[in-house]
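Going down the list, the protein sequences come from chains D and R.
13 is the number of the first residue of the first sequence in the working numbering; add one for each residue after it.
13 is the number of the first residue of the second sequence in the working numbering; add one for each residue after it.
All residues carry an ideal CB built from backbone N, CA and C; glycine is no exception.
Protein chains: 2
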Amino acid sequence: VQVADTAFLKEIVGELHEADLGDLIEALDADERAPLIELTGADFDFSALNEVDDTVREELLEELEPETVAEGVRELDSDDAVELLEGVDEEVQDEILEKLPLSERVALERSLDYPENSAGRRMQTEFISVPQDWTVGQAIDYMRETPDLPERFYEIYAVDQWQRWQGAISLDALLRARRPVSLADLVDEDRRRVSVVDDQEEVARMFGKYNLVAAPVVDIDNRLVGVITIDDVVDVIEEEADEDLKALGGVTSDEELSDNFWTIAKGRFAWLLVNLATAFIASSVLGLFEDQLQQMVALAVLAPIVASQGGNAATQTMTVAVRALATRQLNPNNALRIVIREGLVGLINGLAFAVITGIAAYAWFKTPGLGIVIGLAMICNLIAGALGGILIPMVLERVKADPAVASGTFVTTVTDVVGFFAFLGIATLWFGLK
Amino acid sequence: VQVADTAFLKEIVGELHEADLGDLIEALDADERAPLIELTGADFDFSALNEVDDTVREELLEELEPETVAEGVRELDSDDAVELLEGVDEEVQDEILEKLPLSERVALERSLDYPENSAGRRMQTEFISVPQDWTVGQAIDYMRETPDLPERFYEIYAVDQWQRWQGAISLDALLRARRPVSLADLVDEDRRRVSVVDDQEEVARMFGKYNLVAAPVVDIDNRLVGVITIDDVVDVIEEEADEDLKALGGVTSDEELSDNFWTIAKGRFAWLLVNLATAFIASSVLGLFEDQLQQMVALAVLAPIVASQGGNAATQTMTVAVRALATRQLNPNNALRIVIREGLVGLINGLAFAVITGIAAYAWFKTPGLGIVIGLAMICNLIAGALGGILIPMVLERVKADPAVASGTFVTTVTDVVGFFAFLGIATLWFGLK
Chain D
13 VQVADTAFLK EIVGELHEAD LGDLIEALDA DERAPLIELT GADFDFSALN
63 EVDDTVREEL LEELEPETVA EGVRELDSDD AVELLEGVDE EVQDEILEKL
113 PLSERVALER SLDYPENSAG RRMQTEFISV PQDWTVGQAI DYMRETPDLP
163 ERFYEIYAVD QWQRWQGAIS LDALLRARRP VSLADLVDED RRRVSVVDDQ
213 EEVARMFGKY NLVAAPVVDI DNRLVGVITI DDVVDVIEEE ADEDLKALGG
263 VTSDEELSDN FWTIAKGRFA WLLVNLATAF IASSVLGLFE DQLQQMVALA
313 VLAPIVASQG GNAATQTMTV AVRALATRQL NPNNALRIVI REGLVGLING
363 LAFAVITGIA AYAWFKTPGL GIVIGLAMIC NLIAGALGGI LIPMVLERVK
413 ADPAVASGTF VTTVTDVVGF FAFLGIATLW FGLK
Chain R
13 VQVADTAFLK EIVGELHEAD LGDLIEALDA DERAPLIELT GADFDFSALN
63 EVDDTVREEL LEELEPETVA EGVRELDSDD AVELLEGVDE EVQDEILEKL
113 PLSERVALER SLDYPENSAG RRMQTEFISV PQDWTVGQAI DYMRETPDLP
163 ERFYEIYAVD QWQRWQGAIS LDALLRARRP VSLADLVDED RRRVSVVDDQ
213 EEVARMFGKY NLVAAPVVDI DNRLVGVITI DDVVDVIEEE ADEDLKALGG
263 VTSDEELSDN FWTIAKGRFA WLLVNLATAF IASSVLGLFE DQLQQMVALA
313 VLAPIVASQG GNAATQTMTV AVRALATRQL NPNNALRIVI REGLVGLING
363 LAFAVITGIA AYAWFKTPGL GIVIGLAMIC NLIAGALGGI LIPMVLERVK
413 ADPAVASGTF VTTVTDVVGF FAFLGIATLW FGLK
């Protein structure tokens, strides 16, 4: 990236799709990114920056001249502009906003005022609204004559004189109809719409359920203020799935592939610390039975098997429960049925693994009774795991905690403690240890 | 659901959105579902059945009269019809197809011939194609005069006389342009398109990356054969995220919330059996050190802590790796950097937890040296976990196995075995046990 190559760079940058341009930015060394953008200037499509990792984008926006960013932001649809600016420090944000013309600045500031993850943040404020008493011909002529239409649109909206929402007209309906037809005949008044304060997850679920491509966003007075399109929703769906998956694996959702090792190590430390504490709790159960372990060392060798099998069964149940809660498939109507079903699954697999583990343990240590002891413990722990795996996420959801984040720790603590306690307790009674 | 209520039922069923109708079907008792559909007949929108769980749909389609299903299928877009029929037994499928008019049957059979999960299965064969030498006016008139247009569409396609793909024209471009403008001026020839044999995951990634709403599907001769729309892609994205999440939790992707306990217990058994085998492998390492455990029972109490902490750190790394592989963010270009980074993360957190665990273990058992032994073991196991967590998914991906399904078992086996071996091995050397 050198000044001499400017013309060549401009050509490349101008031709690339924003997504590929984003890939290019990420592939460059960190100190070449800002010069590339400064050199290519107006040819650089700033929406490409929404395609790169958050950390890369934020660093870059702080490095660039506020004038350059402001120029780039002016070319964007409002939703892309908000996405670009919402992550950067307030100071840098203000510097950039100051360079914008007043009307654009006010519009962006209003969007940024909506709560994080709300529909207001995700919507674009460019949309086409027309009076309901127009005809198809008038609407088409209006679109042909207005130079400053949104970049892409899939439907237009009918509003009254106070900009209140009346209904949606999809473009294909408009194209099928003849010019003299009144818009009132084409309008879909039942079209699902979004409130500006709705959470983006709710919006994504609605899009998924009703197969929407765009949805109008209205304020509390039912005035049309924006539109959310499917491309933003696809990002939300992917983010949410990603968050759940990472949370279940004990990784915070803001960890990114471009982070350095130090940031990542710090981010993962907290979760590991919590788990270390629970591991000590589980081991303290083993500590209660120190004498028995010394008398019969086979118990020390086999105890982790009981705990691990319970933990794995519980993780299966928990995974299904967390996902079903996130998609609202698991709800108060079917909760009891699912809890009973998981309990039965735990019982059946408990019985199956009681037999298998019992035979294996006896074959290994040749101690009469050891197979029965481990079998009984296995049944207890798989039932405990099944019930813990379903009930803990449900309780967390009820108390408004994120089941995906916190369930794992609680659930494996339950199976470790119950597993160790059941196995060593039953062994103590069976073999008369003390 | 009784014959007497038919008129009332028809009204409800006719008014509901397909997604809500699907919810209604799922909420009904299994023996009331078929009668509801038979009674309401033509008022029942069969696309509702694509909104219910696979098992519910398949049972229902086998129960219904083939004539009823054939009538319903005729009303659907081809992609919905394929989705409805692809899960049912071949026999039932043939019975239903036989009741369809020849042309529709042939079209459906052709779609069902494409490989499962291919673009050919997901596409709809209803689309609008026009000659490139038409004007905007001709295209609009064509749409106004053709009664049998697709239900919804977002763009039309220009083709040559052999139906070969020439380019796409979005509806908004069409509405902005004046009637005499030639379509050739509006056509986007670079529009990304899909081959009929492409995998649906690839298609979904393309939609996500390039923010598409629809994509044309072409055959090997570049002839336009269908179109894939974003609503189908959203389903694919959700399915894929769901599969990865369930796979990491040890649950097969075909498990559904409506399954009974017996089906579920059987489905989860295999994974638990594999994990039991690995738990025995890990415990056999403990078995090697039976004498040492007996001499120093604190080792038996603490060993699970080393194994569990390694397992959790490895799961963090593995979760990130599996997700990054699935989204193609982790690729040969950055693989080495990420492996080194994860190794460093393992080292840093290994050192941190060596200190914490060492102090805690010494405080608990007051045995001099025990803290150093468990600390050293912790460092070994967190590094092993980090490297296992990143390398195992990468190797599985390379050998074309699904990293999400198989990684977990291998990774925790590594951390259990390394954890037990490092801790007891170091303890044996340090304390001179035998």
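- Would you check if the distance between the CB atom of residue 215 of chain R and the CB atom of residue 225 of chain R is smaller than 8 Å? Here residue 215 of chain R refers to the residue found at position 203 when the second sequence is read from its first residue. Here residue 225 of chain R refers to the residue found at position 213 when the second sequence is read from its first residue. Contact annotation: residue 215 of chain R and residue 225 of chain R have beta-carbon atoms that are not nearer than 8 Å.
- Chain-ordered neighbours of residue 369 of chain D on chain R, where CB pairs are closer than 8 Å: Taking the first residue of the first sequence as 1, we reach residue 369 of chain D at position 357. Per Cβ cutoff of 8 Å: 288.
- DSSP beta-bridge partners for residue 180 of chain D? As a position in the first sequence, residue 180 of chain D is number 168, starting the count at 1. The partner list for residue 180 of chain D (beta bridge, DSSP) reads D:169, D:200.
- Task: Say whether chain D places a C-beta atom closer than 8 Å to the C-beta of residue 175 of chain R.
- Result: In the second sequence, counting from the first residue as 1, residue 175 of chain R sits at position 163. Answer no: the Cβ-Cβ gap between residue 175 of chain R and chain D never drops below 8 Å.
- What are the residues that DSSP puts in a beta bridge with residue 136 of chain R? Working through the second sequence from its first residue, we reach residue 136 of chain R at position 124. Per DSSP, R:239.
- Item | Extent of the continuous alpha helix (DSSP H) to which residue 405 of chain D belongs | Walking along the first sequence from the start, residue 405 of chain D turns up at place 393. That run of the alpha helix (DSSP H) goes 382–410.
- With a Cβ-Cβ cutoff of 8 Å, do residue 100 of chain D and residue 73 of chain D count as a contact? As a first step, residue 100 of chain D is located in the first sequence; it is residue number 88 there, counting from the start. As a first step, residue 73 of chain D is located in the first sequence; it is residue number 61 there, counting from the start. For residue 100 of chain D and residue 73 of chain D, yes; Cβs fall inside 8 Å.
- Taking the CB atoms as reference points, tell me whether residue 122 of chain D and residue 175 of chain D lie closer together than 8 Å. As a position in the first sequence, residue 122 of chain D is number 110, starting the count at 1. As a position in the first sequence, residue 175 of chain D is number 163, starting the count at 1. Not in contact: residue 122 of chain D and residue 175 of chain D (Cβ atoms no closer than 8 Å).
- Examine the Cβ distances between the region 193–211 of chain D and the region 169–183 of chain R and report whether three or more of them are shorter than 8 Å. By the criterion of at least three beta-carbon pairs nearer than 8 Å, the region 193–211 of chain D is not in contact with the region 169–183 of chain R.
- Message: Let me see if you follow: with CB-CB separation under 8 Å, is residue 353 of chain R close to chain D or not?
- Response: Locating residue 353 of chain R in the second sequence gives position 341, where the first residue counts as 1. By the rule that beta-carbons nearer than 8 Å mark a contact, residue 353 of chain R touches chain D.
- Query: Does any CB atom of chain R fall closer than 8 Å to the CB of residue 393 of chain D?
  - Reply: Indexing the first sequence from 1 puts residue 393 of chain D at position 381. Closer than 8 Å: no.
- Going by C-alpha distance, which of R:299, R:341, R:110 is nearest residue 221 of chain R? Within the second sequence, numbered from 1, the residue matching residue 221 of chain R stands at position 209. Per the C-alpha coordinates, the member of R:299, R:341, R:110 positioned closest to residue 221 of chain R is R:341.
- Task: Please confirm whether residue 390 of chain R and residue 318 of chain R have their CB atoms less than 8 Å apart.
- Result: Taking the first residue of the second sequence as 1, we reach residue 390 of chain R at position 378. Taking the first residue of the second sequence as 1, we reach residue 318 of chain R at position 306. Yes. Within cutoff.
- Message: Counting only C-beta atoms, is residue 332 of chain R closer than 8 Å to chain D at any point?
- Response: Here residue 332 of chain R is taken as the residue at index 320 of the second sequence, counted from 1. Residue contact check for residue 332 of chain R against chain D: a CB pair falls below 8 Å.
- residue 21 of chain D and residue 28 of chain D: beta carbons closer than 8 Å? On the first sequence, position 9 is the one that residue 21 of chain D refers to. On the first sequence, position 16 is the one that residue 28 of chain D refers to. No, the Cβ-Cβ distance between residue 21 of chain D and residue 28 of chain D is not below 8 Å.
- Query: Secondary structure at residue 207 of chain R, three-state DSSP: helix, strand or coil?
  - Reply: The residue labelled residue 207 of chain R in the question sits at position 195 within the second sequence. Looking at residue 207 of chain R - three-state DSSP - the assignment turns out to be strand.
- Message: Suppose contacts are defined by Cβ-Cβ distances below 8 Å. Is residue 429 of chain R in contact with residue 404 of chain R by that definition?
- Response: Taking the first residue of the second sequence as position 1, residue 429 of chain R is located at position 417. Taking the first residue of the second sequence as position 1, residue 404 of chain R is located at position 392. A distance of 8 Å or more separates the beta carbons of residue 429 of chain R and residue 404 of chain R.
- Query: Taking the alpha-carbon positions, what's the residue 150 of chain D to residue 191 of chain D distance?
  - Reply: Here residue 150 of chain D refers to the residue found at position 138 of the first sequence. Here residue 191 of chain D refers to the residue found at position 179 of the first sequence. In this model, residue 150 of chain D and residue 191 of chain D are separated by some 8 Å (Cα to Cα).
- Task: Could you tell me the boundaries of the alpha helix (DSSP H) in which residue 78 of chain R lies?
- Result: Translated into the one-based positions of the second sequence, residue 78 of chain R becomes position 66. Looking at the DSSP string, the run of the alpha helix (DSSP H) that includes residue 78 of chain R is 78–86.
- Message: Relative to the C-alpha of residue 104 of chain R, which candidate in R:45, R:44, R:70 has its C-alpha closest?
- Response: Mapped onto the second sequence, residue 104 of chain R falls at position 92. Nearest option by C-alpha distance: R:70.
- Query: Which one or two residues does DSSP pair with residue 226 of chain D in a beta bridge?
  - Reply: Indexing the first sequence from 1 puts residue 226 of chain D at position 214. In DSSP, residue 226 of chain D forms a bridge with D:241.
- Quick one: which unbroken alpha helix (DSSP H) runs of 4-plus residues sit fully inside the region 347–375 of chain D? Chain order, please. Counting only runs of 4 or more, we get nothing.
- Item | Which of helix, strand or coil DSSP assigns to residue 143 of chain D | The count along the first sequence starts at 1 and reaches residue 143 of chain D at position 131. Here DSSP, grouped into helix, strand and coil, assigns residue 143 of chain D to strand.
- Query: For residue 379 of chain R, which of R:189, R:280, R:439 has the nearest alpha-carbon?
  - Reply: By 1-based counting over the second sequence, the position of residue 379 of chain R is 367. If we check each option's Cα against that of residue 379 of chain R, R:439 comes out closest.
- Message: Run through the DSSP bridge pairs and tell me what residue 194 of chain D is partnered with.
- Response: Residue 194 of chain D sits at position 182 when you count from the first residue of the first sequence. Its beta-bridge partners are D:147.
- Message: Let me make sure I understand the geometry here. Which of R:361, R:47, R:219 has the alpha-carbon closest to that of residue 31 of chain D?
- Response: In the first sequence, residue 31 of chain D corresponds to position 19, counting from 1. Among R:361, R:47, R:219, the Cα nearest to that of residue 31 of chain D belongs to R:219.
- Item | Nearest candidate by alpha-carbon position, reference residue 152 of chain R, set R:188, R:129, R:171, R:335 | Taking the first residue of the second sequence as 1, we reach residue 152 of chain R at position 140. Comparing alpha carbon positions, the residue from R:188, R:129, R:171, R:335 closest to residue 152 of chain R is R:188.
- Message: Within 8 Å of any Cβ in chain R, is that where the Cβ of residue 258 of chain D sits?
- Response: Numbered from its first residue, the first sequence carries residue 258 of chain D at position 246. Yes, residue 258 of chain D lies at the interface with chain R (some Cβ there is under 8 Å from its Cβ).
- Query: What residues from the region 149–165 of chain R come within 7 Å of chain D, judged by C-beta to C-beta, listed N to C?
  - Reply: If you check each beta-carbon in the region 149–165 of chain R against every beta-carbon of chain D, the ones closer than 7 Å belong to 152, 155, 156, 161, 164, 165.
- Task: Measure the beta-carbon distance from residue 280 of chain D to residue 297 of chain D and round it to whole angstroms, keeping in mind my assumption that it falls under 8 Å.
- Result: Here residue 280 of chain D refers to the residue found at position 268 when the first sequence is read from its first residue. Here residue 297 of chain D refers to the residue found at position 285 when the first sequence is read from its first residue. Contact check for residue 280 of chain D and residue 297 of chain D: beta-carbon distance about 26 Å, past the 8 Å limit, so the pair fails to qualify.
- Residue interval of the alpha helix (DSSP H) (run including residue 307 of chain R): Numbered from its first residue, the second sequence carries residue 307 of chain R at position 295. Judged by DSSP secondary structure, residue 307 of chain R falls within the alpha helix (DSSP H) whose first and last residues are 302–307.
- In angstroms with no decimal places, state the Cα-to-Cα distance between residue 301 of chain R and residue 446 of chain R. As a working note, residue 301 of chain R is residue 289 in the second sequence. As a working note, residue 446 of chain R is residue 434 in the second sequence. For residue 301 of chain R and residue 446 of chain R, the distance between alpha carbons rounds to 9 Å.
- Message: Quick check: what's the CA-CA separation for residue 145 of chain D versus residue 139 of chain D?
- Response: Counted from its first residue, the first sequence places residue 145 of chain D at position 133. Counted from its first residue, the first sequence places residue 139 of chain D at position 127. Roughly 18 Å between the two C-alpha positions.
- Would you call the CB atoms of residue 419 of chain D and residue 334 of chain D closer than 8 Å? Counted from its first residue, the first sequence places residue 419 of chain D at position 407. Counted from its first residue, the first sequence places residue 334 of chain D at position 322. Yes.
- Query: Quick one: what's residue 130 of chain D bridged to in DSSP?
  - Reply: The residue labelled residue 130 of chain D in the question sits at position 118 within the first sequence. Looking at the DSSP assignment, residue 130 of chain D forms a beta bridge with D:211.
- Query: Is it true that the CB of residue 384 of chain D sits closer than 8 Å to the CB of residue 397 of chain D?
  - Reply: Translated into positions along the first sequence, residue 397 of chain D becomes position 385. Translated into positions along the first sequence, residue 384 of chain D becomes position 372. Residue 397 of chain D places its beta carbon 8 Å or farther from that of residue 384 of chain D.
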